[in-house]
Structure formats: structure tokens, C-alpha cells
């Protein structure tokens with residue numbers, strides 16, 4: 001990049017000072033071709049006071065440390081859900097707020113907040129966003145903002161990540177693996193012990209522990225309107241085959257899925273999950289990792305300040321996306 005890895009687009013016109021961390025190593029960012037120079041020009045066009053850190057020779061941790069040491073009030077996570085969670089983890093105990101420039105595949109928290117998924121649209125409304133305090137959840141010391149999933153799903157997600165960027169043949173091979181793995185998946189015997197209730201033993205295909213609850217409603221797929229209830233929501237899926245997946249996905253798209261017979265839903269401020277295995281594989285905000293059992297989940301109410309569009313802007317964005325005028329960045333990957 002001709003202008004260097006750390007770029008300043010400061011004009012003195014904005015009230016907030018921003019420090020943007022671009023995850024240049026993200027596969028989606030590379031596929032989209034987004035660079036620090038591009039972002040500098042776009043922010044300058046909006047008159048925003050921003051320093052952009054797109055240094056490919058520094059680790060994400062090093063760039064986060066620079067952001068924390070800066071005089072910016074708001075740190076912008078420019079990347080996917082993993083980047084957002086990494087930055088959120090770092091700033092929870094600071095006086096800084098978090099903004100999201102959604103450059104990932106799912107962009108889950110950005111969708112919940114009503115952040116525009118189109119790059120230019122997001123930058124255009126950034127100065128008008130307002131601070132919002134949301135809950136933060138944790139499992140065995142690891143922060144998550146959306147959900148942690150146990151069972152067959154993390155294994156499938158790891159396979160999907162393995163083929164990212166590979167050719168059509170690899171994708172066909174993954175689809176075969178996907179259906180074969182679902183058909184042969186064995187259930188896990190787990191003890192689920194909420195902090196405010198009795199423990200129970202369940203044989204499950206998957207468990208998702210979400211920070212707050214998913215909404216029902218037409219087209220509201222994995223969407224949360226309320227992000228500050230102070231409650232974890234535990235979704236226990238007792239069996240899962242291809243037919244179950246189709247029924248559940250169809251139900252979620254149609255807006256009626258809570259009464260699905262294989263699904264049990266409960267809430268708690270904390271929950272502990274135990275298994276016979278010494279370790280379990282989890283998918284935490286889209287990132288797959290292994291953790292020692294037991295798994296201790298808890299939630300911290302309103303522990304993170306994020307920037308979110310005003311309600312009027314959210315409604316306008318929703319109308320545009322419904323009409324197909326604002327294409328989600330993640331769908332371009």
C-alpha cells in the first residue's frame with residue numbers, strides 16, 4: 001500500500017475519533033480486495049476522524065494493542081465475527097466503545113445491531129450511530145458475543161473452513177462429507193447444570209448457548225432484537241438428521257421454530273456443562289476450538305458499549321436490504 005500500513009484520514013470534522021483495525025489476513029477481506037488505502041479514501045469522503053491500521057506485518061494482537069493505546073474513543077473492527085470478538089474482548093475493561101465494519105461471512109452481531117452490511121452505507125451512517133450497552137458472555141474465560149455451539153456443528157464448521165478458497169471439486173466433496181457426517185453423527189451424553197436450577201442429563205446432537213435469545217419472525221434467521229436481557233439461552237437439539245435440518249431451517253425462515261419437538265429451550269444467568277470426555281470441541285462466534293470439560297458459561301450484563309444506528313436508520317436499512325439495494329458483504333465471499 002503506497003500510503004503505508006497505518007494511515008490517517010483525519011479532517012477534524014467529526015466529534016468522535018476512530019481507530020480502525022483491518023484484519024488483512026481474513027480470507028473474506030482478501031477476497032473482497034479491501035485495502036487500507038480504500039478505507040482511507042472512503043472515510044475521508046465522509047469527513048471522519050480515523051486512523052486506519054492495516055499493517056500486514058503485525059499480528060492482530062499487536063494492532064489491537066495500538067488501538068487501545070490510541071486517543072480514539074471508538075475502535076472499529078473491520079473484519080468478520082472473529083475479529084469483532086477479539087476486539088470486544090480487549091476493550092471490555094476500557095473506556096472505549098466498539099464499532100463494526102462488517103467484512104465477514106456471517107456478520108452476526110452487525111446484523112443484530114442493524115448495521116448496514118454494505119461497506120459504503122456503513123461508513124456513511126457511522127457518525128450518526130449511538131452508543132448501546134450490550135451483554136457479553138464467557139465460557140471458561142473465553143469471551144463470546146453471539147453463541148457457543150457443542151456437538152456435530154463445530155466439526156462441520158471446521159470442514160467448511162478447510163475448503164475455503166478451494167475449487168468446485170472440494171466444495172462437492174465437502175457436501176458429501178456433510179451429509180455423511182450428519183447421517184452417522186452419534187449423540188453426546190451431557191450434564192447440563194443451570195446456576196439457578198437442578199442438573200439434568202441429556203443425550204444430544206448439539207447444544208448452543210447464546211448470549212440472549214433468538215427471535216421468531218419471518219426471515220429472522222439467528223437474529224436477536226434484545227442484547228441486554230442478562231440471560232444466556234440454552235438450545236438443546238436432541239436429534240439431527242438431514243430431514244431435521246430442513247425442517248428447522250424452514251421453520252426459522254418462516255418464523256416458527258421454538259415448538260420444534262427435538263428442540264428444548266431454557267434460560268439461565270450461568271450454566272455448567274459436563275461430559276465423559278476430558279475435552280469438547282466448540283464453535284465460538286464462528287471460530288472452532290477445543291476446551292477442557294467442564295464448561296462454565298456465564299453472562300456479564302451490559303458490559304460492552306457498541307455503536308448502533310438510530311431506529312429510523314435501522315428501518316431505512318431494513319427496507320433497502322429487503323429490496324436488494326444493499327447487498328451483504330459476506331455474501332460476496
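In UniProt numbering, the protein residues as written are 1 to 333.
C-beta: ideal position from N, C-alpha, C; glycine also.
**Asked** Considering only residues of the same chain and omitting the five flanking positions on each side of residue 138, which have a CB-CB separation below 6 Å?
**Response** 298
**DSSP bridge partner residues for residue 200 (one or two, in chain order)** = 192
**Item:** Secondary structure of residue 86, DSSP reduced to three states
**Value:** helix
**Prompt:** Applying the criterion that 16 or more other CB atoms from any shown protein chain within 10 Å of the CB defines a buried residue, is residue 250 buried or exposed?
**Reply:** exposed
**Item:** Neighbourhood of residue 239 by C-beta distance below 8 Å, restricted to the same chain and skipping five residues each side
**Value:** 187, 205, 262
**Message:** With three or more beta-carbon pairs closer than 8 Å as the criterion, would you say the region 107-124 touches the region 262-277?
**Reply:** no
**Asked** Just how far apart, CA to CA, sit residue 20 and residue 92?
**Response** 17 Å
**Message:** So, with DSSP's three-state summary, where would you put residue 141?
**Reply:** coil
**Closest by C-alpha distance to residue 34, when choosing among 56, 18, 109, 133** = 56
**Asked** So, helix, strand or coil for residue 277, using DSSP?
**Response** coil
**Reference residue 54; option with closest CA among 67, 146, 258** = 67
**Prompt:** Which class does residue 130 belong to by DSSP, given the choice of helix, strand or coil?
**Reply:** strand
**Request:** Per DSSP, which residues does residue 343 bridge with? Please list them.
**Result:** Outside the shown range of the chain (1 to 333) lies residue 343, about which nothing can therefore be said.
**Message:** Going by DSSP in three states, residue 152 sits in which element: helix, strand or coil?
**Reply:** helix
**Request:** Rank 150, 63, 100 by C-alpha distance to the C-alpha of residue 126 and give the top, closest one.
**Result:** 100
**Item:** Residues bridged to residue 110 (per DSSP)
**Value:** In DSSP, residue 110 forms no bridge with anything.
**Message:** Under 8 Å, with one C-beta from each stretch per pair, do the region 226-240 and the region 269-277 reach the 3-pair mark?
**Reply:** yes
**Request:** In the DSSP assignment, find the alpha helix (DSSP H) that holds residue 92 and state where it starts and stops.
**Result:** Where residue 92 is concerned, there is no enclosing alpha helix (DSSP H), given that its DSSP letter is neither H nor E.
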